[in-house]
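Below is one structure, written out as structure tokens; the observations come after it.
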Amino acid sequence: MKPVRKRILDRYEKTGDGDVIIDVASGKVEDLYEDFDRTAPYHKKDLEEGLVYYLSECVREIGRAKFVIRFTFDQLPSEELMRRVGTSIHKFFMYQKELESGAMKKMLRTSLILFVTGIAILGVSLWLTHLLNVAGSRS
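Counted the way the working numbering counts, the sequence shown spans residues 33 to 171.
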């Protein structure tokens, strides 16, 4: 019986080099992006939420395997436009990585502060308990 990870990877097509292919099909390039920033250039636009979720889940599923994203559109976009799409996707996920890293640092800092506070409260509690026991044994 194959390991679970191997079975998951077998569900995906592979390139000649063995990289996993994540397929994304869309009517047109504009469908990959959120509508609210329609006038922004592609490299500054936010990706459509469903696409972000799909790509994130695929990458989570394949783990550390090397992968490529293959886009299929109803109308073939120009080479320049596809290059800009690739750049915008890369920049979007790098930005998301920076946000997550900042959130993790903040959470770590908060956890450390709460841990130190907890240790201090525990120390004071033990010290007070000791003082009360000593005072109680004298009377």
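By construction, the Cβ of each residue, glycine as well, lies at the ideal position given by its N, Cα and C atoms.
The beta carbons of Val-36 and Tyr-44 sit no closer together than 7 Å.
Arg-116 and Ile-54 have their alpha carbons spaced roughly 18 Å apart.
Glu-80 sits close to Glu-66, with the two beta carbons spaced by under 7 Å. Contact check for Lys-60 against Phe-124 fails: the beta carbons are separated by 7 Å or more. In the assembly as shown, Leu-64 is a buried residue. Its beta-carbon has 16 or more other beta-carbons within 10 Å.
DSSP places Arg-102 within a strand segment (E or B) once states are collapsed to three.
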